[in-house]
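Numbering (this note's numbering), first residue to last: -7 to 860. Just so it is clear, CB atoms sit at the ideal spot from N, CA and C, and this is done for glycine as well. All values reported here derive from a predicted model rather than from experimental measurement. Heads up, the thing below is written out as structure tokens.
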Amino acid sequence: MAKTTAPAPPAGPPADHVLDTPFDSALSDRYLVYALSTITARSLPDLRDGMKPVHRRILWGMRLLRLDPASAYKKSARVVGDVMGKYHPHGDQSIYDALVRLSQDFALRYPLIDGQGNFGNIDGDNAAAMRYTEARLTAAAATLMDGLDEESVPFRTTYNGEEEEPEVFPGAFPNLLANGASGIAVGMATSIPPHNAAEILAAALALLAEPDLPDARLLEHVQGPDFPTGGILIEPRASIAEAYATGRGSFRLRARWRKVEAKNGLWHIEISEIPYQVVKGKLIETLANLLNDKKLPLVADLDDQSDEQLRITIEPRARTVDPELLMESLFKLTDLEVRVPLNMNVLDHGRPGVLSLGEVLRKWLVHQREVLIARARFRLGKIDARLEILGGLIKAYLNLDEVIRIIRKADDARAELITAFDLTVTQAEAILNMRLRSLRKLDELEITRENAALTAEARDLRYLLDSPGEQTKRLTAILARLRETYGPDTELGRRRTTLATAPDVRFVPLEAMIEREPLTIIASEKGWVRAMKGHIDLGSADAIKFKEGDGPAFAFHAHTTDKLMLATSDGRFFTLSPDKLPGGRGFGEPLRLMIDLGETAHVVTLMPHRADATLLLASSDGRGFLVKAEDVLAETRKGRQVMVPRAGATLKLVRPVAPTDDMVATIGDNRKLLVFALAELPAMARGQGVALQKFKDGGLADARTFVMADGLSWPMGGATARTRTEADLGFWQGARASAGRMPPTGFPRDTRFACPATTTTSRPPHRRALGFRHDRHRNRPPPQPRLRRLGRAAHRQGPRQSAQAARQAGRPDRSAGTLMVIIGLLLLSLVVIAFAARGAPKPKYEQLPAPEPAEVDHAHRPGSRDPD
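Structure follows, in structure tokens:
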């Protein structure tokens, strides 16, 4: 069969070589290459040594620089330069950051680099520049790299092909579980907390003795994570067992604290250890902010007294405070208690996967067995080479005179020696390279003893290679010696994180810890809010001061334990705590600093929140619904979107609904009043709502709920502040979404039923302000009282029946007084006319055109008139 060859690529510039392939497949292929590179060469640790490539290259570069634990320090910049130039072609800062972490005793349980200089601290301070710090390897790093010179692991070429680097470290130190790892790759992540090396080695020894040991039995040796910063692990044993069995879970870690007694019954809390990876500086800042915001009612003061040892003191508000309750409140609100995740996603010969604790230990022991065999083979090869040379030297000593003669007389001494004594080329070369002083009898005896010792060692190595049992025995001895080095009796091996059970403390909510005090909440037109102590007189102009050009918008009484509900025109609801509002000194603070108020939104209402209340929400286009007050609470600055107004509409009003209310009254800008049953409104948690009233022009002006049996009331205005109640509402009652009819005589011109009871102001606002709804009719003077005309029923039923109907409607009977006034006016007009006719000249009248007939509103009830 003829052999075919591929056609040569066309000649020309690179732009002519265009690959015709679908864009989606080309993009997916390239992204897959990137994802695999991120997973295997950057983010996930290798199961065998627990190292990422950057960490492995740093330690390998330091080993080549001979920075052993017993050697002198060298500048970190030298290490970073060698690693970046030879092995890791990335930024120098990323390499230095990895080097710094390997040296921090609060980040790694067993540091792999011994740093000299400022390598950062637990307060969150950064390390000094690499030109100032120095570094060398630690004993743990030396153990991890033990055997690299014995061909125990494969090597690969570096990125430029000039150097070689190990694919993995062979050492018996269990770095993956001892120091842990964390990283985020493409589509996966890993998070392995640090453990105690002695416990890991004990579990490994148990697996060597009993390979089928279940994971539950491993927990007899591995109690749980052992963090470099200590702390108390309060996770239940069942949860720990499940996490290790599945490779996924989390551990609940708390700070270590104790109660310190003082004189006169006083005491304080002393915190000596904080959770893993918690920055102490940020923790102190969080505690201080909570204390200033009055969220820690049981704490009086705190102080950071740390030096080389961490020490945070917390003073209680009173000596009668329960310390357990105080700490439980701190654990809930701060990072004094954290959740440390467990996700044992590691690389097993380049393949990522989540493994259990037992699987990780078994695969690590397989790697150690392979390293043991590779080192035994390497040693056996060296011994065989040495025994070959020693065999030739022994032959030379036995025939020393003949060897000397051949070397002196023969032209080709090597060939003559090979022929005369049956030697190999290596043996002949070793004989020829001998020095004359090596011909002593003592050297002959040493060679004989060395040959015997190496022969015995070679026999043991061959037995080791052929016997798995002997391999297990040898590996057990290696791990046992290492366990003694990092045993619980040593300073480095002593367990730092203890296990305990969380105390059963009845946690009191934060609201219950706040002392109930009266407050007066005041919000201005321009959006400044404050809380004055006590319930002041809202009608006193001297009690409430505002900035020049500003005025009141909302003012009401509340308590520190209440919650304030704030609604804006875009339909969002916010929740404020009165105890967090600024005090009455000054003019307060802007609401926009407390909530994320939209640029075009303004505040519609501000009132105390009642958990069992029901609210009526209505938009400017006449749509609305009912909502429970508990459904409008918001926990964030962004608030909660409750009403979703249609385009061009806004949230118009929020009215509380009394439990006994059964009717709804709405009135539009066109002065049409509609009354319908409250049951026609739906209860919703979010939405646009349903149509309340139909409007031909304008929109909704006001709405409220009331009890039908009590009638509909509204203020009449004037100095006496009278209130009118209309009991006979049948004329205005209809179905929801109807047009409505003109209101009764005397209804306010601003088309408002009444101001909300929770919004009491010291003086009416006189201008529109940013962020607040301003009514242009609010400052109009109240309408003057007029003579009440009798209704249609009064003309039809007569004076007596009309008076009775007026008493039933709650109106005073003024029909008799009105009749007397009319009679008096008629008599007076007759007198004036008679007097004028007697002496006045007769005027000339011009004929005027007849007036056009007036339009009659058939929907207008007789007895009422439009004030406009």
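Checklist entry - Can you tell which of E517, H549, W520 and V521 has its C-alpha closest to the C-alpha of G531? => result Position 539 of the sequence shown, counted from the first residue, corresponds to residue 531. The shortest C-alpha separation from G531 is found at H549.
Checklist entry - Would you call the region 506 to 524 and the region 481 to 493 touching, i.e. three or more CB-CB distances under 8 Å? => result By the C-beta criterion, the region 506 to 524 is judged not to be in contact with the region 481 to 493, since fewer than 3 inter-stretch pairs fall below 8 Å.
Checklist entry - Is the CB-CB distance between L643 and A695 below 8 Å? => result Taking the first residue of the sequence shown as 1, we reach residue 643 at position 651. Taking the first residue of the sequence shown as 1, we reach residue 695 at position 703. No, the pair does not count as a contact, with Cβ atoms beyond the cut-off.
Item to check | From N284, A292, D97 and E277, residue whose alpha carbon lies closest to that of L258 | outcome: In the sequence shown, the residue the question calls residue 258 occupies position 266. Closest option to L258, Cα to Cα, is A292.
Item to check | Span of the alpha helix (DSSP H) around L245 | outcome: Taking the first residue of the sequence shown as position 1, residue 245 is located at position 253. It is not in any alpha helix (DSSP H) - L245 instead sits in the beta strand (DSSP E) that spans R240 to R246.
Checklist entry - Could you give the C-beta distance for E581 and P574, rounded to a whole number, given that I count them as a contact under 8 Å? => result For the purposes of this step, residue 581 is taken as the residue at position 589 of the sequence shown. For the purposes of this step, residue 574 is taken as the residue at position 582 of the sequence shown. Yes, they are in contact, since the Cβ atoms of E581 and P574 sit about 5 Å apart, within 8 Å.
Checklist entry - Using the C-alpha atoms, what's the distance from E517 back to G614? => result The sequence position of residue 614 within the sequence shown is 622, counting from 1. The sequence position of residue 517 within the sequence shown is 525, counting from 1. The alpha-carbon atoms of G614 and E517 are separated by roughly 25 Å.
Checklist entry - Using CA coordinates, which residue listed in E155, E159 and E154 is at the minimum distance from S144? => result In the sequence shown, counting from the first residue as 1, residue 144 sits at position 152. Per the Cα distances, E159.
Checklist entry - Which two residues bound the contiguous alpha helix (DSSP H) that contains F323? => result Taking the sequence shown and counting its residues from 1, one reaches residue 323 at position 331. P315 to L325 is the span of the alpha helix (DSSP H), which, as asked, contains F323.
Item to check | For I276, the nearest candidate out of Y268, Q297, H260 and P289 (CA to CA) | outcome: The count along the sequence shown starts at 1 and reaches residue 276 at position 284. Checking every option, the nearest Cα to that of I276 belongs to Q297.
Item to check | Through-space distance from Y236 to R229, alpha-carbon basis | outcome: Residue 229 sits at position 237 when you count from the first residue of the sequence shown. Residue 236 sits at position 244 when you count from the first residue of the sequence shown. Between R229 and Y236, the C-alpha separation is close to 11 Å.
Checklist entry - Mind checking whether E142 and F370 have CB atoms under 8 Å apart? => result As a working mapping, residue 142 is identified with position 150 in the sequence shown. As a working mapping, residue 370 is identified with position 378 in the sequence shown. E142 is a Cβ neighbour of F370, given a cutoff of 8 Å.
Next on the checklist: Taking its Cβ as the centre, do 16 or more other Cβ atoms sit within 10 Å of R331, making it buried, or is it exposed?
Outcome noted: Residue 331 sits at position 339 when you count from the first residue of the sequence shown. By the neighbour-count rule (16 or more Cβ atoms within 10 Å), R331 is not buried but exposed.
Checklist entry - Does the count of Cβ pairs from the region 30 to 41 and the region 170 to 180 closer than 8 Å reach three? => result Yes: at least three Cβ pairs fall under 8 Å.
Checklist entry - Do you know offhand how far N771's Cα is from P510's? => result Position 779 of the sequence shown, counted from the first residue, corresponds to residue 771. Position 518 of the sequence shown, counted from the first residue, corresponds to residue 510. The predicted position of N771 is uncertain, since its pLDDT is 38 and thus under 50; no value can be drawn from it.
Checklist entry - Just how far apart, CA to CA, sit T597 and F98? => result Against the sequence shown, residue 597 aligns to sequence position 605. Against the sequence shown, residue 98 aligns to sequence position 106. Each residue's Cα considered, the two are about 52 Å apart.
Next on the checklist: Going by DSSP in three states, K688 sits in which element: helix, strand or coil?
Outcome noted: What you label residue 688 is simply residue 696 of the sequence shown in a count that begins at 1. In this structure, K688 counts as coil in the three-state DSSP scheme.
Item to check | Between the CA atoms of T278 and H527 - distance to the nearest angstrom | outcome: For the purposes of this step, residue 527 is taken as the residue at position 535 of the sequence shown. For the purposes of this step, residue 278 is taken as the residue at position 286 of the sequence shown. C-alpha separation (whole angstroms): 33 Å.
Item to check | Distance between A194 and T130 (C-alpha atoms, nearest Å) | outcome: Start at 1 with the first residue of the sequence shown, and residue 130 comes out as number 138. Start at 1 with the first residue of the sequence shown, and residue 194 comes out as number 202. For T130 and A194, the distance between alpha carbons rounds to 23 Å.
Item to check | Close beta carbons around K836, own chain, < 8 Å, minus the five adjacent residues each side | outcome: In the sequence shown, the residue the question calls residue 836 occupies position 844. The pLDDT assigned to K836 is 39, lower than 50, so where the model puts this residue is not dependable, and the model offers no usable value.
Checklist entry - Which residues in the same chain have their Cβ closer than 6 Å to the Cβ of K387, if we skip the five residues on either side of it in sequence? => result For the purposes of this step, residue 387 is taken as residue 395 along the sequence shown, with counting starting at 1. Within the same chain, K387 has close Cβ partners F413.
Item to check | Residue burial classification, A170 (beta-carbon count within 10 angstroms, cutoff 16) | outcome: To locate residue 170, count along the sequence shown from 1; it is residue 178. Looking at its Cβ environment, which holds 16 or more other Cβ atoms inside 10 Å, A170 is buried.
Checklist entry - Helix, strand or coil for Q463 per DSSP? => result For the purposes of this step, residue 463 is taken as residue 471 along the sequence shown, with counting starting at 1. The answer is helix: DSSP assigns Q463 an H, G or I state.
Next on the checklist: Which same chain residues end up closer than 6 Å to S856 when comparing Cβ atoms and leaving out the 5 residues on each side of it in sequence?
Outcome noted: The residue given as residue 856 occupies position 864 in the sequence shown. Confidence at S856 is low in this model, with a pLDDT of 43, below 50, so its placement is unreliable and no value can be given for it.
Item to check | Cα-Cα separation, G477 to G485 | outcome: Position 485 of the sequence shown holds residue 477. Position 493 of the sequence shown holds residue 485. The amino acid occupying residue 477 in the given sequence is Thr; Gly does not appear at that position. In a straight line, the C-alpha of T477 is about 8 Å away from that of G485.
Next on the checklist: Check whether the region 188 to 208 and the region 40 to 60 touch, using three or more Cβ-Cβ pairs below 8 Å as the test.
Outcome noted: no
Checklist entry - Does the pairing of the region 428 to 442 with the region 455 to 464 give three or more beta-carbon distances under 8 Å? => result no
Next on the checklist: So, with DSSP's three-state summary, where would you put D661?
Outcome noted: One-based indexing of the sequence shown puts residue 661 at position 669. The answer is coil: DSSP assigns D661 none of H, G, I, E or B.
Checklist entry - G726 by DSSP, collapsed to three states: which one? => result Here residue 726 is taken as the residue at index 734 of the sequence shown, counted from 1. Coil, per DSSP.
Next on the checklist: At the level of alpha carbons, what is the spacing between P757 and A746?
Outcome noted: Position 765 of the sequence shown, counting from 1, holds the residue named residue 757. Position 754 of the sequence shown, counting from 1, holds the residue named residue 746. Because P757 sits at a pLDDT of 36, beneath the cut-off of 50, its placement in the model cannot be relied upon, and the following sentence gives the value as read from the coordinates. Straight-line Cα distance between these residues: approximately 16 Å.
Checklist entry - N188 to R101, Cα distance in whole Å? => result As a first step, residue 188 must be located in the sequence shown, where it is residue number 196. As a first step, residue 101 must be located in the sequence shown, where it is residue number 109. Roughly 8 Å between the two C-alpha positions.
Item to check | Residues near R361 by beta carbon distance below 7 Å, same chain, minus five either side | outcome: By 1-based counting over the sequence shown, the position of residue 361 is 369. Residues Q463 and L467 of the same chain have their beta carbon placed closer than 7 Å to that of R361, with the five preceding and five following residues left out of the count.
Next on the checklist: Please report the straight-line C-alpha distance between K686 and F723, rounded to a whole angstrom.
Outcome noted: The residue given as residue 686 occupies position 694 in the sequence shown. The residue given as residue 723 occupies position 731 in the sequence shown. The C-alpha of K686 lies about 17 Å from the C-alpha of F723.
Item to check | Chain-order list of residues whose beta-carbon lies under 7 Å from that of M43 (same chain, five-residue window excluded) | outcome: The residue labelled residue 43 in the question sits at position 51 within the sequence shown. So the qualifying residues of the chain are P37, F161 and N167.
Checklist entry - So, are the CB atoms of P186 and D218 less than 8 Å apart? => result Counting from one through the sequence shown, the residue named residue 186 turns up at place 194. Counting from one through the sequence shown, the residue named residue 218 turns up at place 226. Yes, they are a contact pair.
Checklist entry - Which residue comes first and which comes last in the alpha helix (DSSP H) that contains M76? => result For the purposes of this step, residue 76 is taken as the residue at position 84 of the sequence shown. Start and end: S68 to K78.
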